[in-house]
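Each remark here refers to the structure printed beneath this line.
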Amino acid sequence: MLKPGDMAPDFILPNENGDDVSLTELLQPGPIILYFYPADFTPGCTREACTFRDIHDDILRVGLRVVGVSPQDAESHTRFRDEHKLPFTLICDQDKIAIKMYDVDGPLGIGVRRVTYLITQGQKIQDALQADVMINKHREFIKKAIVLRESAGMTAANSSD
Numbered sequence: 028m029l030k031p032g033d034m035a036p037d038f039i040l041p042n043e044n045g046d047d048v049s050l051t052e053l054l055q056p057g058p059i060i061l062y063f064y065p066a067d068f069t070p071g072c073t074r075e076a077c078t079f080r081d082i083h084d085d086i087l088r089v090g091l092r093v094v095g096v097s098p099q100d101a102e103s104h105t106r107f108r109d110e111h112k113l114p115f116t117l118i119c120d121q122d123k124i125a126i127k128m129y130d131v132d133g134p135l136g137i138g139v140r141r142v143t144y145l146i147t148q149g150q151k152i153q154d155a156l157q158a159d160v161m162i163n164k165h166r167e168f169i170k171k172a173i174v175l176r177e178s179a180g181m182t183a184a185n186s187s188d
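Here it is as structure tokens:
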């Protein structure tokens, strides 16, 4: 897992619509919460995605956006997004390119670790959390980022690093 202070590696991968996107493009409007998860439609990953959905307005209010990454294809991501009304981008990493770059590949290359990164516009990892089983920790991680940005007066209108 990459650590706070590390540079976030750039990637170009398809999103749920099949359009190629890069980290650089994703960061243009402001910092992002980049989260890696094992698979669409599994109980834990569904709970995690729906948790992010449920606090999405708070996330946007402080100038952050959510981007999910897992090894499923665009068709799976589209069904997952639509079925659970997810208001954020899902990246398809079938060859585990970003998964390996961000050091979140599962043990012996099997699966994907559940890791959430807060990445600044300068492409720096500001904070990171790995909690493979304790999904609520990811919600707490994001809530902490929201509170810190609120206390610093950060909003969608002034969302720099």
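This note's numbering applies: residue 28 is where the sequence shown begins, and numbers increase by one. Don't be surprised by glycine CBs; every beta carbon is placed ideally from N, CA and C.
Check, Outcome
"Cβ of residue 157 within 9 Å of Cβ of residue 140?", "yes"
"Indicate the three-state DSSP secondary structure (helix, strand or coil) for residue 160 in the structure shown.", "coil"
"How many whole angstroms separate the CB atoms of residue 63 and residue 124, which I take to be in contact at a CB cut-off of 8 Å?", "In fact, because the Cβ distance is near 12 Å, the residues do not count as touching under 8 Å."
"Do you know how far the Cα of residue 149 is from the Cα of residue 36?", "11 Å"
"Tell me the DSSP secondary structure of residue 95 in three-state form.", "strand"
"Where are the beta strand (DSSP E) runs, 3 residues long or more, that stay fully inside the segment 44-83, in chain order?", "47-49, 59-63"
"Using the three-state DSSP reduction, which class does residue 151 fall into: helix, strand or coil?", "strand"
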